[in-house]
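Colleague: What follows is a structure written as structure tokens; I'll ask about it next.
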Amino acid sequence: MTSVVSQSLFIFGLRSGVTNNLCFIDEQTVVFPSGNSCVGYNTELRSQRFISGSEKMRRMRALAISPNRRYLAVSECGEAAAITVFDLQHEQGRKRKVLTAGDSLFQEFVCLAFSPDSKYLIGQAGAPEWMLIFWLWEKNKVLATAKTTSSTNPVNQVSFNPLNNLQLCVSGAGVFKLLRYAEGTLKQSSSARAESINILCHAWTSEEKVIAGTDTGRLLVFESRDLRREMKKSSKGVQGQDDGQVEMKRIRDGAADEGLTGSRITAILSFSRGFVCTTGPGTVCVFDKTDGDSYRKSKEIRIPADPYGNDSTPAECQEVDTVCISPAEERLAISTERGQLYSIRLSSANTSREKLHFGFLFQPFHSSSITGLSVCVSKPLAATSSLDRSVRIWNYQTRELELYKHFQEEGYSVALHPTGLFLLVGFSDKLRLMNLVIDDIRTYKEFPVRSCRECAFSHGGHLFAAVNGNIIQIYSVTSFENILNLKGHNGKVSGIKWSLDDRTLVSCGMDGAVYEWSTHTGQRESESVLKSCSYTDVCFSSSYNTVLAVGTDLTLKEIQDGQVLREVPGDEVAHAALAVSHSGRVIFTGTTSGTIRAVKYPLPLQKEWVVHQAHSGSVTKMVITYDDQFLLTASEDGGLLISKIVDKEGRRLKSIRQIVHTEEILVTKADLEEKNQNMMELKMRLEELQMENEYQLRLKDMNHNEKLKQLSDKFIQEVESLTTAQQMMKTEMEKLERENKKNSAEVAAKHSKELKDLEQSYSQKLMMEHGKYQDLHLKHQRMQEDYEKRLKSAEESGSQALEEATRVYQAKLQEKTRLLDQCQEDARQRILEFEEIIKQMEEDEEKKIHSLQIKYEKNLLCEKETNTSLKGRTGVITQKVNTLQRQINDKCSDINKLKQERQNLLGLIRSLESDIEHLKRQITGLERTSQDKDSSISSLRKKNQELEKLRFVLEFHMNELKNQIEPLQDDITEKKDRIHQLEEELVQTDKSNSQLKLVVSDLRLKLRTKEKEMRKEMERVKDLETLSERIRSDLHNCVGFIQEPKKLKDNIRMIYARYVPNTEAVEKSSVDDDVQKAFRFQRDHLQKTISSLNTKLLKSAEEHEKVYVKLMKENVTLITEINELRKELHSVRTQAKDYKAQLTVFKKPNKSGRSSEEGSKHEEVS
14 MTSVVSQSLF IFGLRSGVTN NLCFIDEQTV VFPSGNSCVG YNTELRSQRF
64 ISGSEKMRRM RALAISPNRR YLAVSECGEA AAITVFDLQH EQGRKRKVLT
114 AGDSLFQEFV CLAFSPDSKY LIGQAGAPEW MLIFWLWEKN KVLATAKTTS
164 STNPVNQVSF NPLNNLQLCV SGAGVFKLLR YAEGTLKQSS SARAESINIL
214 CHAWTSEEKV IAGTDTGRLL VFESRDLRRE MKKSSKGVQG QDDGQVEMKR
264 IRDGAADEGL TGSRITAILS FSRGFVCTTG PGTVCVFDKT DGDSYRKSKE
314 IRIPADPYGN DSTPAECQEV DTVCISPAEE RLAISTERGQ LYSIRLSSAN
364 TSREKLHFGF LFQPFHSSSI TGLSVCVSKP LAATSSLDRS VRIWNYQTRE
414 LELYKHFQEE GYSVALHPTG LFLLVGFSDK LRLMNLVIDD IRTYKEFPVR
464 SCRECAFSHG GHLFAAVNGN IIQIYSVTSF ENILNLKGHN GKVSGIKWSL
514 DDRTLVSCGM DGAVYEWSTH TGQRESESVL KSCSYTDVCF SSSYNTVLAV
564 GTDLTLKEIQ DGQVLREVPG DEVAHAALAV SHSGRVIFTG TTSGTIRAVK
614 YPLPLQKEWV VHQAHSGSVT KMVITYDDQF LLTASEDGGL LISKIVDKEG
664 RRLKSIRQIV HTEEILVTKA DLEEKNQNMM ELKMRLEELQ MENEYQLRLK
714 DMNHNEKLKQ LSDKFIQEVE SLTTAQQMMK TEMEKLEREN KKNSAEVAAK
764 HSKELKDLEQ SYSQKLMMEH GKYQDLHLKH QRMQEDYEKR LKSAEESGSQ
814 ALEEATRVYQ AKLQEKTRLL DQCQEDARQR ILEFEEIIKQ MEEDEEKKIH
864 SLQIKYEKNL LCEKETNTSL KGRTGVITQK VNTLQRQIND KCSDINKLKQ
914 ERQNLLGLIR SLESDIEHLK RQITGLERTS QDKDSSISSL RKKNQELEKL
964 RFVLEFHMNE LKNQIEPLQD DITEKKDRIH QLEEELVQTD KSNSQLKLVV
1014 SDLRLKLRTK EKEMRKEMER VKDLETLSER IRSDLHNCVG FIQEPKKLKD
1064 NIRMIYARYV PNTEAVEKSS VDDDVQKAFR FQRDHLQKTI SSLNTKLLKS
1114 AEEHEKVYVK LMKENVTLIT EINELRKELH SVRTQAKDYK AQLTVFKKPN
1164 KSGRSSEEGS KHEEVS
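Numbered as in my numbering, the sequence shown ends at 1179 without a single skipped number.
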């Protein structure tokens, strides 16, 4: 076994032909089938995890995810159809169960569905059985089966009722059935009339309602198990809204199959606000539920047009296969028939009013078989070509699609230049060499090689080899000349590889030949021919001494000097592709079943390899990157798989080469010039905007200054009015303080009287309650004594009665048992006697024996009746005992109630005591507050005296600041006048610049016209040169017929017929020499005028720049001065505000101090 293996890291592609092939696990993770496994893709982390299928799986048919998003069911087709359930909470998707149909074998399960509680699973088997199987999947138990349809009417979808685990729905071509699981069988509850309707999909919108979509574009509503209505979008819309109300049309008994041609409805999905369905190619509509049973079309989302797509198969015409929505209903995702994945955020779609379009979920994929794969040394890029007529450039490190382009023809092969800047693609008509530009793939050179199935650049990049049928052509990359043609294969060449030094080239073909060629001489250096094997791929070993090849004989061969050194035997699966690691430790082969095998090197003699389940189709190409880190494989299923190469411990291999990836990109001169022009225009626009913004800022400053003056004037007036109002308020406050003092004294007196009255009343109430409590306590003690006496007496009497009854009945039971024993002994003795008599007199006394038996049976019955009567009496006694116990329990409950009443009374007494304490605390608090007020009055008097002193100081400072502000305002007005003058000068300079720009644009137009004329003349000259070359070649051919005059004459006539009119045109053009001289004179004159204008332009530009610099410097100085003045103004205003605040603070305590002084004087007078 090899110590180096490959592990799946990332895959580009979607497996086609799988029902329900897209599901959400959570808000960020999506599951879809790709290759031979299911892939979980995280949209935020851009990472994938692989849930690999079974090794015997040939085909994947359907997916289903449980409602709790934990389990994934996969329908697998192999020797017998099976359903595998995976646990998604496990990192690698651990298998939980493999479900089969028991003894019956089916080819496939067409569709699956989980029950709402994820306990049950249903699977619809395919043709010809069409059996529906109902599992309790965790126990792998088949609960029921039922045949749903015939072979002519296929089933398209099965589902559970979201509110009922036991109700199912089955729909298809002419089929719509509702089934219910009951008593171990699936019973059909209803079957709507849908013989002529092809139902493609359905969805439950409520417990009784199902909406179904047909192949003619109809939306049918099945309610209460019958077809009731059809949904149609009304043509009339609401004013100001794009949303259309959905019209409900009732369907009568005979109108179920009314013809209505339209686009197919391939998918329907219900969610909390309504449902989502496809309404045509590339379109998905969202319907929101309104009042009642009606719906409103709220959104129409389309697949966008592909800017690099092909006009013959536009992207917006793709048919949608599957629709799914995230658990929080934030994101909607779809899959299409061409294997593409799209998504959209519904939250952003709700806010935008523009036309809604899907975006790729992560990258666009190939939709058909990949025919070519190549990597380069200088960049982490891989190029692929496909039968979908597209060429794509992938970055295998960032796992992104760098470039792609669709062509008119199918691409059969592709090769990347070692620099990663050029691309060679073999199409059906030609072989094209292309440039990888920054945003496009552009054809640079075409070669006449049709249907080139294999092409490859040399390691140095100076040569490339291309296969033309059974010939290998080698071209030079620099001169594009065909240097060598390697002929020798009798069949099609299927593989070519260059050696490391580019001296040799190895090739293999369908004729069973493997040749080594010298690229210098074009001769074969070695050959190995095995006609029984058609080789599919060939490769050099890591040391380049031997050649490895695979073919249809199912073996892996190592060839040296035309002889097979080693051969690894194969199994039933053939090898299709081959790749050798640069370290020489491992060889990877791709098979026709899609698996990748890792074989150790040197090759073993037995079947020893590690199998990696990778693709669902045959592996077409495989490449190992130059640093031995990644294995890239392409398949017929359209998937590109990136696998990491690791050892047994999971560590990556150490690369022998030190590879440094470059970041250079090809850009055309025209694109650069356009970008530079755009940059210049944007810079000019930016400068203009800066000037405009500065000008607007100045205007705003002027306006703000004027507003500031107005506000300051208003503020001064308001301050004066507020001072007058403040004086009025002072007088009012003094009056109110006097009134408040009088009222407070009266309230204090009233409060003291009320307190005394309350104390007296509560003391009397307490005495009364205390007396009542003592009386109740005495009553409670008496009641307790009485109940205890009664309980004791009742217990004694009950115990005596029980003892007496038990004694009496025990005695009776003993007597009866004795009687029974005696009777049994008598019966035994008599039976023995009668047995002896029977033995002696068997024939004579049969009648007597029967009579005696009847007598004894009667005696036994009466004794049994006496026993049953005794048992009934014992039951009555036990019932009496139970009643006595119940009476005792009732008395105990009465005692407990009395105890609870006592506790309640104690709680009342405690609450009253707490109220008394609370009132006492309030009295003490009022006394403290009065003391605090006295202390605060004395402190306020002291503050008042200090604030009066501050008032005089602040007024003095205010006067000084006013004197300082006046000269500053004069400076500001002078600088504003200077700014106005500079602005006028700027306007004049702008006018002169605009005039110069107009002159420059006119000159540029003249230059362009002259350049066009020059190009026309150059084209004419080229045409004449081609004509002369053709004439020379024809004349050269005529020289061969010098000895045959007739043929020479005929050839000369043919030449004359071809070229006589063209020669006349040349003569005419040669005659017009004067016209050409005039043209040259005009061109020289125009060049001189352009040079003079350019010098003038440069001078004017320099002068303009000098003026602009002066203006900018003056503006900068002015702006700095203005900013300093603004800072000074701001500081002065803040000081003024502080002073005003201090004044207000000073005035308030002054008022309070005066009022307190007047109050104290009043008290002294009183």
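From the three backbone atoms N, C-alpha and C, an ideal C-beta is built for every residue, glycine too.
Under three-state DSSP, which class holds Gln421?
Modeller: Note: Gln421 maps to coil in three-state DSSP.
Colleague: Using the Cα positions of Gly920 and Asn177, report the straight-line distance between them to the nearest angstrom.
Modeller: Each residue's alpha carbon lies about 56 Å from the other.
Colleague: Helix, strand or coil for Ala77, going by three-state DSSP, please let me know.
Modeller: Strand.
Colleague: By the 10 Å Cβ neighbour count, where 16 or more other Cβ atoms means buried, how is Ser19 classified, buried or exposed?
Modeller: With 16 or more other Cβ atoms within 10 Å, it is buried.
Colleague: Put Val234 into one of helix, strand or coil per three-state DSSP.
Modeller: Three-state DSSP puts Val234 in a strand.
Colleague: For the beta strand (DSSP E) holding Ser734, just list the boundary residues, first then last.
Modeller: Taken as a continuous stretch (DSSP letters only), Ser734 belongs to no beta strand (DSSP E), being part of the alpha helix (DSSP H) at Lys682 to Gln853.
Colleague: Quick check on Tyr1069: does DSSP put it in helix, strand or coil?
Modeller: Note: Tyr1069 maps to helix in three-state DSSP.
Colleague: What do you get for Ile978, buried or exposed, if any count of 16 or more other CB atoms within 10 angstroms of its CB means buried?
Modeller: The residue in question, Ile978, is exposed, as its Cβ has fewer than 16 Cβ neighbours within 10 Å.
Colleague: Where does the unbroken beta strand (DSSP E) through Phe99 begin, and where does it stop?
Modeller: Note, Phe99: beta strand (DSSP E), Ala95 to Asp100.
Colleague: Rounded to the nearest angstrom, what separates Leu22 and Val680 at their Cα positions?
Modeller: The alpha-carbon atoms of Leu22 and Val680 are separated by roughly 33 Å.
Colleague: Ignore the nearest five residues each way along the sequence and tell me which others in Asn558's own chain have a CB closer than 8 Å to its CB.
Modeller: Around Asn558: Gln573.
Colleague: So if DSSP puts Arg579 in a beta bridge, which residue, or which two residues, is it bridged to?
Modeller: DSSP, once it has assigned bridges, lists Glu571 as partnering Arg579.
Colleague: Note down the Cα distance separating Gly352 from Met73, rounded to an integer number of angstroms.
Modeller: Cα to Cα, Gly352 sits roughly 15 Å from Met73.
Colleague: Going by CA-CA distance only, name the one from Pro317, Phe440 and Lys904 that's closest to Leu400.
Modeller: Nearest of Pro317, Phe440 and Lys904 to Leu400, Cα basis: Phe440.
Colleague: Alpha carbon to alpha carbon, what distance is there between Val1073 and Ser1083?
Modeller: With a pLDDT of 49 at Ser1083, under the threshold of 50, the predicted position of this residue should be treated as unreliable, though the coordinate-derived value follows. Those two C-alpha atoms are separated by around 15 Å.
Colleague: DSSP three-state call for His430: helix, strand or coil?
Modeller: Of the three classes helix, strand and coil, the one that applies to His430 here is coil, per DSSP.
Colleague: Give me the residue from Met523, Glu998 and Pro980 with the minimum Cα distance to Ser545.
Modeller: Taking only the C-alpha atoms, the option nearest Ser545 is Met523.
Colleague: With a threshold of 7 Å on Cβ separation, who are the neighbours of Arg711 within its own chain once the five nearest residues in sequence on each side are excluded?
Modeller: Excluding residues within five positions, the ones whose Cβ falls inside 7 Å are Ile992.
Colleague: Which partner residues does Asn498 have in the DSSP bridge list?
Modeller: Answer by DSSP bridge pairing, in chain order: Gln486.
Colleague: Identify which residue in Asn33, Leu833 and Lys510 has its Cα closest to the Cα of Ala469.
Modeller: Nearest C-alpha to Ala469: Lys510.
Colleague: Quick check on DSSP: helix, strand or coil for Asp270?
Modeller: Low confidence applies here, because Asp270 scores a pLDDT of 45, under 50, leaving its location unreliable; read the following figure in that light. Three-state DSSP puts Asp270 in coil, outside helix and strand.
Colleague: For Asp99 versus Tyr84, is the C-beta spacing smaller than 9 Å?
Modeller: One detail in the question is off: residue 99 reads as Phe in this sequence, not Asp. Going by C-beta atoms, Phe99 is nearer than 9 Å to Tyr84.
Colleague: Do you know how far the Cα of Phe601 is from the Cα of Ser47?
Modeller: Their backbone Cα atoms lie some 21 Å apart in a straight line.
Colleague: For Glu1152, which beta-bridge partners are listed by DSSP?
Modeller: Reading off the sequence, residue 1152 comes out as Tyr, not Glu. According to DSSP, Tyr1152 bridges with nothing at all.
Colleague: To the nearest angstrom, report how far apart Glu142 and Thr227 are at their CA atoms.
Modeller: Approximately 24 Å between the Cα atoms of the pair.
Colleague: Of the residues Ala346, Glu121 and Leu191, which one's Cα is nearest the Cα of Val44?
Modeller: Among Ala346, Glu121 and Leu191, the Cα nearest to that of Val44 belongs to Ala346.
Colleague: Is the segment 596-611 close to the segment 631-641, with three or more CB pairs under 8 Å?
Modeller: Taking 8 Å as the limit for Cβ pairs, the verdict is that the segment 631-641 does touch the segment 596-611.
Colleague: Under the rule that 16 or more other beta-carbon atoms within 10 Å means buried, what is Cys610, buried or exposed?
Modeller: The question names Cys, yet the displayed sequence has Arg at residue 610. That one is buried.
Colleague: Quick one: does Asn55 have its CB under 9 Å from some CB of chain C?
Modeller: No chain C appears in this structure, which consists of one protein chain only.
Colleague: To the nearest angstrom, how far is it from the Cα of Gln900 to the Cα of Gln892?
Modeller: Each residue's alpha carbon lies about 13 Å from the other.
Colleague: Considering only heavy atoms of the ligand FMN, does any lie closer than 8 Å to the CB of Arg934?
Modeller: Absence of the ligand FMN from the depicted structure is noted, as is the absence of any ligand whatsoever, leaving it without description.
Colleague: Roughly how many angstroms lie between the CA atoms of Leu9 and Asp514, to the nearest whole one?
Modeller: Residue 9 lies beyond the stretch modelled for the chain, which goes from 14 to 1179, so this question has no answer here.
Colleague: Quick one, which of Gln619, Ile1044, Phe235 and Asp984 has its alpha-carbon nearest Glu1137's?
Modeller: For the residues Gln619, Ile1044, Phe235 and Asp984, the minimum Cα distance to Glu1137 belongs to Asp984.
Colleague: For Thr292, report the span of its beta strand (DSSP E) as first-last.
Modeller: Taken as a continuous stretch (DSSP letters only), the beta strand (DSSP E) holding Thr292 covers Gly287 to Gly293.
Colleague: Between Ser131, Asp130 and Ser163, which lies nearest to Leu145 when the distance is taken from Cα to Cα?
Modeller: Of Ser131, Asp130 and Ser163, the residue nearest in Cα terms is Ser163.
Colleague: Would you report the Cα separation of Val581 and Ser541, rounded to the nearest angstrom?
Modeller: Taking the straight line joining both Cα atoms gives about 17 Å.
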